[in-house]
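S.K.: I'd like to ask you about the structure that follows.
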(Lines of atoms letter the chains of each structure in order from A and count residues from 1; the text may use other names and numbers.)
(Lines give C-alpha, C1' and ligand atoms only; values in the text may rest on other atoms or scores of the structure.)
Protein backbone atom coordinates (compact mmCIF):
# COMPACT_ATOMS: atom_id res chain seq x y z
CA UNK A 1 0.00 0.00 0.00
CA UNK A 2 1.29 3.45 -0.87
CA UNK A 3 1.83 5.95 1.96
CA UNK A 4 -0.64 8.80 2.43
CA UNK A 5 0.91 12.27 2.24
CA UNK A 6 -2.16 14.11 3.51
CA UNK A 7 -5.92 14.25 3.13
CA UNK A 8 -9.02 16.14 4.12
CA UNK A 9 -12.63 16.94 3.41
CA UNK A 10 -14.48 19.84 1.86
CA UNK A 11 -16.30 22.32 4.08
CA UNK A 12 -19.62 20.58 3.46
CA UNK A 13 -18.15 17.19 4.34
CA UNK A 14 -19.42 15.45 1.19
CA UNK A 15 -16.10 15.31 -0.68
CA UNK A 16 -12.94 13.78 0.77
CA UNK A 17 -9.51 13.73 -0.83
CA UNK A 18 -6.38 11.70 -0.14
CA UNK A 19 -2.93 12.61 -1.49
CA UNK A 20 -1.01 9.34 -1.98
CA UNK A 21 2.72 8.90 -2.65
CA UNK A 22 3.94 6.80 -5.58
CA UNK A 23 7.72 7.01 -5.20
CA UNK A 24 8.76 10.46 -6.45
CA UNK A 25 5.29 11.00 -7.90
CA UNK A 26 1.91 11.26 -6.22
CA UNK A 27 -1.79 11.11 -6.96
CA UNK A 28 -4.89 12.77 -5.53
CA UNK A 29 -7.87 10.44 -5.03
CA UNK A 30 -11.42 11.61 -4.37
CA UNK A 31 -14.28 10.07 -2.38
CA UNK A 32 -17.87 11.36 -2.44
CA UNK A 33 -20.13 10.44 0.46
CA UNK A 34 -17.56 7.75 1.38
CA UNK A 35 -17.54 6.14 -2.08
CA UNK A 36 -14.57 6.23 -4.48
CA UNK A 37 -15.15 9.05 -7.00
CA UNK A 38 -11.97 8.98 -9.10
CA UNK A 39 -8.53 10.54 -9.27
CA UNK A 40 -7.27 13.95 -10.34
CA UNK A 41 -5.17 12.31 -13.07
CA UNK A 42 -5.06 8.82 -14.55
CA UNK A 43 -1.41 8.34 -13.54
CA UNK A 44 0.68 9.72 -10.65
CA UNK A 45 2.26 13.13 -11.30
CA UNK A 46 5.29 15.10 -10.16
CA UNK A 47 5.33 18.29 -8.08
CA UNK A 48 1.76 17.86 -6.79
CA UNK A 49 0.23 19.49 -3.70
CA UNK A 50 -3.35 19.96 -2.50
CA UNK A 51 -3.43 23.62 -1.48
CA UNK A 52 -7.00 24.21 -0.47
CA UNK A 53 -10.62 23.21 -0.40
CA UNK A 54 -13.76 25.32 -0.55
CA UNK A 55 -17.04 23.43 -0.22
CA UNK A 56 -17.13 21.05 -3.20
CA UNK A 57 -13.97 22.37 -4.92
CA UNK A 58 -10.45 21.02 -4.27
CA UNK A 59 -7.47 23.11 -5.44
CA UNK A 60 -4.40 21.13 -6.54
CA UNK A 61 -1.09 22.79 -7.40
CA UNK A 62 1.02 21.21 -10.12
CA UNK A 63 4.31 23.11 -10.12
CA UNK A 64 3.27 26.73 -10.76
CA UNK A 65 -0.18 25.85 -12.12
CA UNK A 66 -3.40 25.23 -10.21
CA UNK A 67 -6.21 22.91 -11.26
CA UNK A 68 -9.62 22.81 -9.61
CA UNK A 69 -11.74 19.70 -9.15
CA UNK A 70 -15.42 19.84 -8.22
CA UNK A 71 -17.98 17.36 -6.99
CA UNK A 72 -20.99 17.54 -9.32
CA UNK A 73 -24.64 16.74 -8.61
CA UNK A 74 -24.25 13.08 -9.66
CA UNK A 75 -21.42 12.45 -7.18
CA UNK A 76 -18.69 12.46 -9.83
CA UNK A 77 -15.56 14.57 -9.50
CA UNK A 78 -14.90 16.69 -12.57
CA UNK A 79 -11.88 18.79 -13.53
CA UNK A 80 -12.62 22.50 -13.93
CA UNK A 81 -9.11 23.17 -15.26
CA UNK A 82 -6.66 21.16 -17.34
CA UNK A 83 -3.76 19.51 -15.54
CA UNK A 84 -0.48 20.77 -17.08
CA UNK A 85 1.06 18.24 -19.47
CA UNK A 86 4.50 18.89 -17.97
CA UNK A 87 3.59 17.15 -14.69
CA UNK A 88 2.14 14.18 -16.51
CA UNK A 89 5.34 13.65 -18.49
CA UNK A 90 7.42 14.55 -15.46
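In our numbering, the protein residues as written are 961 to 1050. Built from N, CA and C at the ideal position, the CB exists for glycine as well. All figures in this text were calculated on a predicted structure; none of them were measured in a lab.
For the beta strand (DSSP E) containing residue 1031, name the first residue and the last one.
M.R.: Reading the chain shown from its first residue, position 71 is the one you call residue 1031. Start and end: 1025-1031.
S.K.: How would you label residue 986, buried or exposed, when you count the other beta carbons within 10 angstroms and need 16 or more for buried?
M.R.: Numbered from its first residue, the chain shown carries residue 986 at position 26. Flag for residue 986 reads buried.
S.K.: Apart from the five residues just before and just after residue 998, which ones in its own chain have a Cβ nearer than 6 Å to its Cβ?
M.R.: Sequence index remark: in the chain shown, residue 998 carries index 38 (1-based). Excluding positions up to five away in sequence, the list reads 990, 1037.
S.K.: Tell me which residues share the same chain as residue 1016 and place their Cβ nearer than 6 Å to its Cβ, disregarding the 5 neighbours each side in the sequence.
M.R.: Locating residue 1016 in the chain shown gives position 56, counting from the first residue. Closer than 6 Å at the Cβ level, and outside the excluded window around residue 1016, lie 970, 975, 1030, 1031.
S.K.: Specify, as a first and last residue, the run of the alpha helix (DSSP H) that residue 1034 falls within.
M.R.: Here residue 1034 is taken as the residue at index 74 of the chain shown, counted from 1. Careful: residue 1034 lies outside any alpha helix (DSSP H) and carries neither H nor E.
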